[in-house]
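Undergrad:
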Amino acid sequence: MKTRPYGLGALLGVCLTVLSYGALEAGELHYVLELPLSELSLEGAGEYTLVSFEGASYDAPPGYPLIPFITKRYLLPRGTKVADVRLEALSVKTTYVEAPVYPAQPPRPLTAQKVEFVGPREEVYTSSTPVSDFEAQVLYQVLLEGERVALIAVRPLRYTPAEARLEVAEQMVLTVGYEPDPGYTPPVGITPSQQRRLNVRIKALVENTEVFTPRVTFQPAVEKNYRHAIVTPSLLRGEFQKLADWNTARGVRDTVVALEAIASSFSGRDLAEQIRNFVIFAHERWGVEYLLLGGDEGLVPTRDCFVASYDGNSRDTIPTDMYFGCLDGDWDANANNTFGEMNDEVDLSAEVTVGRACVNDIQEAGLFVGKVVVYQDNPPQGFASKLMLPSEILWPDRGYSGDGTNDAIADLAHPGTSIAKMYETQGTLTRNALEDSLNAGVGLVHHCAHGNEIAISCGHLNGEPSFYNWQARGLINAGKMPVYVAISCLVGAFDYDGFGGCLVEAFQWAEHGGTVAWVGNSRYGWGTPPTRGPSECLDVSFFEEVYGLDNPEIGPALATAKEENAGWGNVSYGRWSIYELNLHGDPAMPVHSREPSEFIVSHPPVVEGPQTLYVTVSSQAGYPVEGMLVCARQSPNVYAWAYTDASGVAALEISPTPGFMELRVTGANHYDWVDKNILVGVRRAELTISPDTTWLDAEIEPLSSSFTVSSTGTDSLVVTQISPYQATWIDSIYPTDCVLAAGEGRQIEFFVDTTGFPDYIYLGKIRILSNDPDRTLAYHPVKLIKGDWPDIEITPDTLAFNMPAGDSLTIACDVTNEGRAGLEVSSISSSTPWIKEIDPTSLSIPSGDSLSYESVSITIDTAGLGFGIFEGGVLFETNDPDEEQRRLPVRLNIGEPDITLSPDTLHFFFSWEDQSRNKTEDDLTVSNEGDRILEVTNVIPTRQWISVSPPTAFDVEPDGSHDVHVTVVPEKLGQGVYNANIRVYSNDPDEPMALEPVKLLVEEIPPRICCKPDTAVMDRQTMRGRFWVYNLGMRDLVVKEISTETPWIYALYPKSFILRGQDSAYVTMIGDASKVGAGPPVGIVLVKSNDTHNPEWEEPVKIGGTSGIAEALPTVFELSRVVPNPLRGRCAIRFAVPRQASVSLALYDVTGQKVRTFVDGSIQPGYHFVLWSGEDDLGRPLPQGVYLLRMHSPDYSAVEKLVLLR
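Numbering-wise, the working numbering comes out as the position in the sequence shown, counting from 1, plus 60.
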């Protein structure tokens, strides 16, 4: 799930009119928003003040004060459009800026090396009239499968330049009026798969999910049921069919459509429009969600769009493949054959996500397909968890670099990600470093630099040469190919034909490596220094999707990034940036951002008949894995797929026929799991009878017994008859028939009457007729002993022993008579040549009340026998009527070393949370169970994180053992289960290389919730308050719900969110003073999360004086306790300043040397915090150890000890 910013947000939403298809009426939506003054950032920028808050956007004209606003996205009732929007400020606070607000600058293409600073407009900055006001306006409206989303600019600041006064609407009401849309037509149809994806996208995109009602009736695919389509010339169909087969096998049913067939079957003013009309058809009729254009621009056309003139040449037209996925309208509303103009009513929301394979021939197509399949099916270790962030100084005269954007992306990365920041500002960006890192293997790249069609810059100010397309073609990182993203100009200009194609194509065409996918610009990237511009915003949003989802797919991730930034489409350079950002790759490809690991998949061993098949998927550490794709196939009967839910379970509706079925699980950060031999049976009855034989003794009363019939099949067992067979002495049976459900059993009783029968051993049967197709007629043997008879038993039932060659040995067995008559053994003999002597060769054992026995000695001689196992036997001839001949097996193992390793598996465990539980050392015991000396020549671990202590060569005497000390070093490993072996080489002829499995579980700190303060305070005057929610763990803390039953607390915000490891957020409370008397003096706010140790945290809340959190300023200086501490990752450092003062906040090592400065200068009054991830002032990771955090002001000094772990 995505983590949303928790600054400005909807506290309370009331939908006055929620509409369905049949009730299209006008109405209004009302939302209460707030922006506390404490969240406003006033940062000095030279002689100006830069105003910002989290999630800020800017659109002021050049020379006007750069006042931020926030973009909100709201879903409208179906069939309506925005009529008007209004913003009412309920609570306003005033502050003053020490220097004028920074003047807005014109947007800059990344080709502009020199930025001419636009100074403040004198008539504006000397005015006593506010230049901005509390208002709202519609930036853009998009349609997504018939759902209209409005992007609204909320402006919570009012600035009066002449008075340096900045007013903040701390609490506002936003009203969104809507009215019927006369042009609205319901979608033709939507498949369950399309609805599932729509549900996910809407919930991630809009603030007011309560308005969204998922459809519950669907139009099934009329002709086909394809989720993915590949459009390519006929010449390339064969190669792309291999990709279609792979996608289909994993649950994304795919088809390859010849471009020639589209050209002859679909209308359109040109081939591009014909392709788009085909996509509309395939989306509505087949259920297509992904489109891959299989060919370079010269084979499969793109759509050139125009939004503004910059160069006055061909670069003003923007090649964009968005045209084929955003299916509302025709992109040419004014019918002038110029597409994508600002007034062409282009919808920027994609119903189908689009990618392109820029290939020109069969060889390039095969290379593309091979890379995509290998990346998913069998990615190697050692690259996916690496994030490379090259950044150069973009506009040197303004001191603006890409560092801030790359820092924002680094903050999104998972704990344990290996991050390489190559910054020109730090002297670490060079072409050689870039090339070496790519060849070594990285998983993700974001490159902030200038570029052109054939090169990307690597620090031009330092005189560093660029990275060219010929170097990209020469990369040798086969298998370890990254997803590459860049804001650079023109690197993705796939309509460029000179010098062997553009840079992106060179990366994609590299025969021995390169990239698996690219997200890059076909024209100029755009920025708006000193704030983040549209190209940067799009890329950050893309990485939010990649790092925020369990199974991100590259096409939907890019589409969502564009939807979230559709507000930029209101201005020409923003629309330009959205159009030009194209995907070079398969849109359905999952994106790896962690080291791949194996799935653990559980499913029934045998599948029988139509059913809902439940498949459970978990990680190697045992955690359920959400969002993974599970597919079951059995041609032509079964093709079913589903994504795993939060419990790791996928439910597939199947109707297989007997035989075998294939089951496959795929997803980001995991290896492909497949079992092609899932046994499919039919529902059938199966009869099982126990015991095998029933014995009765006529001398023991009563003469009755029983046996059990069981239904062990998958269908009911119908027993139609149970009767005696060749056993007239069986008098009666009960019951004589029965019906048993699958899994049930029934005891069958029978009675015996031996009257008139002489002494004898009688053998009879009970006949059973049933619907078991394999045993329609079954018999249960019954043996009846009447009279006195001998009964031979021999102990042990097999003689087995080890002895060296050329030796002799005498051993014995015991012969017992368990009958009521004398046992006569007339002969004891053997034909085995190495059994030399038997004594006695005959014997008699009388009957008696107690058991009687005799011993028989058997002499073995191994002279002339080699090493090996030999089988022989001894034959006893007796008067036992049931066993007239009884054979005693003899097994001999002659003289060889026999290696045994113990334990069966060496298990190790490492946890960062509770290191007292860690087990990183153990002994491997090498034993010799043979008859010769075991010579161990070497002991070799198969992984570098395992070490063995010498000696690794030694001898082990027979029946002896030797311990090898084994140590694991897990500190450099991320979370997961690691499997390896230790190889032990010896002279054991049967096992010259013995393997000892080694399993290591590395466990990061799971999510751990903590709320502070211990008791939250709601201010009596303002009825406002806050408390903080901390994640003390290293995995994501999912806060599912925040609620209260306290009557005087009527609103909480946010009510759900996700905290990354060691992060924090605050929850705002709004109270109702009129209800204080009706409730308890101390209320409770319940915070539900995925912390398994404390899933429901109760935060006490009391009413008191000014809380110092929600509304008022602090009264004293204070350096708060650092949370978490010790830390491994990121921590929050919070401090309070009661009045404007000079404050120093810095970190020192134990020698007293300053290693990091956080604050040094004048600080405004309020509550402040900084986030720190363990780096020094140059961005280098500090070593593990103890550090001192010191805060100093003229009236206050404090020191906190901080422990950093690595």
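In this text, a Cβ means the ideal position worked out from N, Cα and C, and glycines have one as well.
Because the structure is a prediction, the values reported are computed rather than measured.
Does F720 pass the burial test, meaning 16 or more other C-beta atoms within 10 Å, or should it be called exposed?
TA: exposed
Undergrad: Put L1265 into one of helix, strand or coil per three-state DSSP.
TA: coil
Undergrad: L1265 to L110, Cα distance in whole Å?
TA: 36 Å
Undergrad: When you compare the CB positions of G354 and I290, do they come within less than 8 Å of one another, or not?
TA: For G354 and I290, yes; Cβs fall inside 8 Å.
Undergrad: Could you compute how far the alpha carbon of K263 sits from the alpha carbon of A648?
TA: 20 Å
Undergrad: Could you spell out where the beta strand (DSSP E) holding W578 opens and where it closes?
TA: Start and end: 577 to 581.
Undergrad: Can you tell me whether I322 is buried or exposed, with buried defined as 16 or more other CB within 10 angstroms of its CB?
TA: buried
Undergrad: Using the C-alpha atoms, what's the distance from R1199 back to V228?
TA: 19 Å
Undergrad: In whole angstroms, give me the CA-to-CA distance for A1138 and P1107.
TA: 7 Å
Undergrad: Counting along the chain, where does the alpha helix (DSSP H) carrying A468 start and finish?
TA: 463 to 472
Undergrad: Residues in its own chain within less than 8 Å of D848 by CB, not counting five upstream and five downstream?
TA: D819, G879, R880, A881, S907
Undergrad: Could you check where the alpha helix (DSSP H) with T980 kicks off and where it finishes?
TA: Membership of T980 in any alpha helix (DSSP H) is not indicated, and neither H nor E is assigned to it by DSSP.
Undergrad: Taking R806 as the reference, give the member of I1065, G816, A120, S750 with the closest Cα.
TA: S750
Undergrad: Determine which residues share a DSSP beta bridge with C549 and list them.
TA: DSSP, once it has assigned bridges, lists no residue as partnering C549.
Undergrad: Taking DSSP as the reference, what is the three-state secondary structure of T485?
TA: Of the three classes helix, strand and coil, the one that applies to T485 here is helix, per DSSP.
Undergrad: Assuming A164 and L126 are in contact, meaning their beta carbons sit under 8 Å apart, how far apart are those beta carbons, in whole angstroms?
TA: 5 Å
Undergrad: Out of curiosity, what's the CA-to-CA distance linking M688 and R287?
TA: 16 Å
Undergrad: Quick one, are the C-beta atoms of T362 and D381 less than 8 Å apart?
TA: yes
Undergrad: Thinking C-alpha only, which one of G464, P450, R583 is nearest E524?
TA: P450
Undergrad: Let me know if P156 comes out buried or exposed under the rule of 16 or more other beta-carbons within 10 Å of its beta-carbon.
TA: The identity of residue 156 in the sequence shown is Tyr, whereas the question assumes Pro. Exposed, since its Cβ has fewer than 16 Cβ neighbours within 10 Å.
Undergrad: Below 8 Å between beta carbons: does that hold for D752 and V779?
TA: no
Undergrad: Taking only the alpha-carbon atoms, compute the straight-line gap between A999 and V1044 and give it to the nearest angstrom.
TA: According to the sequence shown, residue 999 is Val rather than Ala. So the alpha carbons of these two residues sit roughly 5 Å apart.
Undergrad: Between the C-alpha atoms of E452 and V543, what's the straight-line distance to the nearest angstrom?
TA: Looking at the backbone, the Cα of E452 and that of V543 are separated by about 20 Å.
Undergrad: Please identify the residue among E853, L1205, Y794, L494 whose C-alpha is closest to the C-alpha of E48.
TA: It is not possible to answer for residue 48, since the shown part of the chain is limited to 61 through 1266.
Undergrad: When you compare each of K141, T985, C365 to Y244 by their alpha carbons, which one comes out closest?
TA: Answer by Cα proximity: K141.
Undergrad: Please state if the CB of Y1208 and the CB of V1215 are separated by a distance shorter than 8 Å.
TA: yes
Undergrad: Just tell me which of R947, E931, I845 has its CA closest to the CA of D857.
TA: R947
Undergrad: Report all residues from its chain with a CB closer than 6 Å to the CB of P658; omit the five preceding and five following residues, and keep chain order.
TA: Position check: residue 658 holds Glu in this sequence, whereas Pro was assumed. Answer for E658: Q680, Y731, listed in chain order.
Undergrad: Quick one: is H840 buried, meaning 16 or more other Cβ sit within 10 Å of its Cβ, or exposed?
TA: buried
Undergrad: CA-CA distance, W733 and I660?
TA: 9 Å
Undergrad: Using the Cα positions of L641 and Y584, report the straight-line distance between them to the nearest angstrom.
TA: 10 Å
Undergrad: Using the three-state DSSP reduction, which class does P949 fall into: helix, strand or coil?
TA: P949 falls in the strand class under three-state DSSP.
Undergrad: What are the start and end residues of each continuous alpha helix (DSSP H) run of 4 or more residues lying completely inside the stretch 142 to 180, in chain order?
TA: none
Undergrad: Which residue comes first and which comes last in the alpha helix (DSSP H) that contains C597?
TA: 594 to 608
Undergrad: Among residues of its own chain, excluding the 5 on either side of S915, which ones have a beta-carbon nearer than 6 Å to its beta-carbon?
TA: A872, D874
Undergrad: Examine the Cβ distances between the stretch 380 to 395 and the stretch 410 to 430 and report whether three or more of them are shorter than 8 Å.
TA: yes
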